[in-house]
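Numbers 101 to 703, taken from the working numbering, label the letters of the sequence shown in order.
Note that the Cβ used here is the ideal one computed from N, Cα and C, for glycine as well.
These numbers were taken from a predicted model, which means no experiment stands behind them.
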Amino acid sequence: MKGLVTERIRNFCIVAHIDHGKSTIADRLMESTGAVSEREKQDQFLDNMEIERERGITIKAQTVRLDYQASDGEIYVLNLIDTPGHVDFAYEVSRALAACEGAVLVVDAAQGIEAQTLANAYLAVDADLELVPVVNKIDLPAADPDGVAQQIEDVIGLDAADVLPISAKSGSGVEALLEMIVDRIPPPGGDKSAPTRALVFDSWFDPYVGVILLVRVVDGELKVKDRVKLMMSGGEHDITSLKVADPAPRAVKSLSVGEVGMVVAGIKKLEDVSIGDTLTLRSNPAEEALPGFQHVKSMVFAGLYPVDSENYEELKAALEKLRLNDSSFGYEPETSAALGFGFRCGFLGFLHAEIIQERLEREYGLDLIATAPTVRYLVVPKKGEPFEIESPAALPEVSEIDRIEEPIINATIHVPSDYLGAVIGLCQDRRGTQKDMQVHGDRVQVRYLLPLGEIVTDFYDRLKSVTRGYGSFDYEFEGFAPGELVKLDVLVNGDPVDALSLIVHRDAAQTQGAQLARKLKEYIPRQQFPVAIQAAVGTRVIARTTVRAVRKNVIAKCYGGDISRKRKLLEKQKAGKKRMKMVGSVEIPQEAFLAALRLGDDE
Numbered sequence: 101m102k103g104l105v106t107e108r109i110r111n112f113c114i115v116a117h118i119d120h121g122k123s124t125i126a127d128r129l130m131e132s133t134g135a136v137s138e139r140e141k142q143d144q145f146l147d148n149m150e151i152e153r154e155r156g157i158t159i160k161a162q163t164v165r166l167d168y169q170a171s172d173g174e175i176y177v178l179n180l181i182d183t184p185g186h187v188d189f190a191y192e193v194s195r196a197l198a199a200c201e202g203a204v205l206v207v208d209a210a211q212g213i214e215a216q217t218l219a220n221a222y223l224a225v226d227a228d229l230e231l232v233p234v235v236n237k238i239d240l241p242a243a244d245p246d247g248v249a250q251q252i253e254d255v256i257g258l259d260a261a262d263v264l265p266i267s268a269k270s271g272s273g274v275e276a277l278l279e280m281i282v283d284r285i286p287p288p289g290g291d292k293s294a295p296t297r298a299l300v301f302d303s304w305f306d307p308y309v310g311v312i313l314l315v316r317v318v319d320g321e322l323k324v325k326d327r328v329k330l331m332m333s334g335g336e337h338d339i340t341s342l343k344v345a346d347p348a349p350r351a352v353k354s355l356s357v358g359e360v361g362m363v364v365a366g367i368k369k370l371e372d373v374s375i376g377d378t379l380t381l382r383s384n385p386a387e388e389a390l391p392g393f394q395h396v397k398s399m400v401f402a403g404l405y406p407v408d409s410e411n412y413e414e415l416k417a418a419l420e421k422l423r424l425n426d427s428s429f430g431y432e433p434e435t436s437a438a439l440g441f442g443f444r445c446g447f448l449g450f451l452h453a454e455i456i457q458e459r460l461e462r463e464y465g466l467d468l469i470a471t472a473p474t475v476r477y478l479v480v481p482k483k484g485e486p487f488e489i490e491s492p493a494a495l496p497e498v499s500e501i502d503r504i505e506e507p508i509i510n511a512t513i514h515v516p517s518d519y520l521g522a523v524i525g526l527c528q529d530r531r532g533t534q535k536d537m538q539v540h541g542d543r544v545q546v547r548y549l550l551p552l553g554e555i556v557t558d559f560y561d562r563l564k565s566v567t568r569g570y571g572s573f574d575y576e577f578e579g580f581a582p583g584e585l586v587k588l589d590v591l592v593n594g595d596p597v598d599a600l601s602l603i604v605h606r607d608a609a610q611t612q613g614a615q616l617a618r619k620l621k622e623y624i625p626r627q628q629f630p631v632a633i634q635a636a637v638g639t640r641v642i643a644r645t646t647v648r649a650v651r652k653n654v655i656a657k658c659y660g661g662d663i664s665r666k667r668k669l670l671e672k673q674k675a676g677k678k679r680m681k682m683v684g685s686v687e688i689p690q691e692a693f694l695a696a697l698r699l700g701d702d703e
């Protein structure tokens, strides 16, 4: 657009709890401003990953540029960023907020304020953004827009009179929302004459042009053919093209203060780019880089191994490319006696781990085995400094350990008062300690201190189950605390299987050991010899089951005759099986590892 001035740019994102209608509002805003034609129109237009459409959730924040003619006759450029709602993708939200001056806070008119509504509102306030509160789904039979507006005032502190009631489904109130965005959200600051600084807040790999950077220009201007420098990595590159999302990528000659766009600069090395870096001009470099983003710490860890060990290098390349698009997970090489060469990966949560594995399998055509998820523990040895471990295999001998400390989270749960008893019961079962409880109308906010190890696998699913889908959950890391923790080993035929080791609470070791042994028995195929599956804590075996041997009737050909002949054949078979057991190795199928991952699902 010619003559674009900073005063007529609005950068904003849409934040809300899962399924409160963020992506549908984005669809309506695009339709109202003519960004998508009738022919291109589809639900959740910005959710362009296959996995997002299947699961009905937003995983990656997406950006789009809208041209809107306001009631004052001026044309404004609105840079919209649609963000995820799940707690595991809160890092995506915080990155999107750094590129904005305002946020549209969406609350469901029937559900009211949920855990992630509150978490995202606080993220926006911390980022010093202007909040535009919206109550969506006012056309639902159970909708209570006035009650929810009052909730927003009571809990978040925004004036109930400023809350805009809309229906993203029918489009009612969308025009008023566009006017509110123009009126309430300030234009971007920044100095066009200052040395150029652009914040890299997302990136991805394109096989044809290399790394594509998504940037927000804070100061100065970027033009095609400019030689730019990444201030953190020090890499220098020539800009070959600049694009904006309209929503399809459209080439532009320059990006000025306040604009959001894509930079293609022929970057081939993945390690040259890191999210939060500052892009500046080589000819007139900025003295100080932008603050960037706080480094996020992984909370959940799992091993990823290729089913075919020949695909190790392919997995390594896929992880490099995927990390460019999602810097919130990390990985490092790992070797397992049972699974060969693979990677120890760190994630923000269990859903995040699941999504990363699925993206690797779909987008890169890999066949993977994932080990049981674990969390980071703090080991305090009898001699030396405390250190953190991410895998049970890294735990030293029991005699060397003074104590093991586990990560504790501060969990906030929002639930209708009818289900409060069930939620308290669930938290008590997971060794939770209640902090406080607040009642807002017919909904209750309860806060618990919970061990992270107790919630990584199925806590969220159980919470949804006991509250019939009405409970919501958000958490933040609190610190480490001592616990009665032990290492649970699994032995198959006397050999420990390191990939199945777990760190568990002493009181739960017996139950989990028996459960794991029972599950493995279902999946390990029968051999020519009996296979013992044992669960052990240190040298003490606490559970055992046996996969019976496949038997051959060696005395079938003996009709009558001397009994010693039959005994001789049976003894010979027994000796053969014993010799086979000594030299034979038991192959553990992928299903057995997945069974360990789903431990507790059918209990």
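Check: Counterpart residues of N510 in DSSP-defined beta bridges; Outcome: L549 and E576
Check: Residues that DSSP places opposite Q538 in a beta bridge; Outcome: Q545
Check: Reduced DSSP category for R128 - H, G, I as helix; E, B as strand; rest coil; Outcome: helix
Check: Buried/exposed call for L197, threshold 16 Cβ in 10 Å; Outcome: buried
Check: Alpha carbon of N179 to alpha carbon of M331, nearest angstrom; Outcome: 25 Å
Check: Beta bridge counterpart(s) of T645 as assigned by DSSP; Outcome: I633
Check: Sheet register partners of P516 (DSSP bridge); Outcome: R543
Check: Per-residue burial, Y548 [other beta carbons within 10 Å of its own, 16 or more giving buried]; Outcome: buried
Check: Outcome for E336 when other beta-carbon atoms lying within 10 angstroms are tallied against a minimum of 16; Outcome: exposed
Check: C-alpha distance - E458 paired with A470, whole-angstrom precision; Outcome: 11 Å
Check: K323 and L342 closer than 9 Å at C-beta; Outcome: yes
Check: D119, DSSP secondary structure in three states; Outcome: coil
Check: Pairwise C-alpha distance: Y308 and S491; Outcome: 38 Å
Check: Under the three-state DSSP convention, the category P245 falls into; Outcome: helix
Check: Residue range of the alpha helix (DSSP H) that includes I455; Outcome: F450 to E463
Check: Where C113 falls, given that 16 or more other Cβ within 10 Å makes a residue buried; Outcome: buried
Check: CB of V647 within 9 Å of CB of P625, strictly; Outcome: yes
Check: Which of helix, strand or coil DSSP assigns to K483; Outcome: coil
Check: Residues of its chain near A386, where Cβ-Cβ distance is below 6 Å and the 5 sequence neighbours each way are ignored; Outcome: P295, R297 and T380
Check: As assigned by DSSP and simplified to three states, the class of S171; Outcome: coil
Check: L460 to A418 span [Cα, whole Å]; Outcome: 7 Å
Check: Nearest-angstrom Cβ-Cβ length linking G403 and A599, presumed shorter than 8 Å; Outcome: 6 Å
Check: Endpoints, alpha helix (DSSP H) assigned at G613; Outcome: R606 to Y623
Check: Status (buried if at least 16 other CB within 10 Å, exposed otherwise) for I663; Outcome: exposed
Check: Sufficient close CB pairs (3 or more, under 8 Å) joining the region 243 to 252 to the region 210 to 225; Outcome: yes
Check: C-alpha gap between R382 and D326, whole angstroms; Outcome: 8 Å
Check: Euclidean distance between Cα positions of G579 and V475; Outcome: 13 Å
Check: Any chain B beta carbon closer than 9 Å to V586; Outcome: Any reference to chain B falls outside this structure, which holds one protein chain only.
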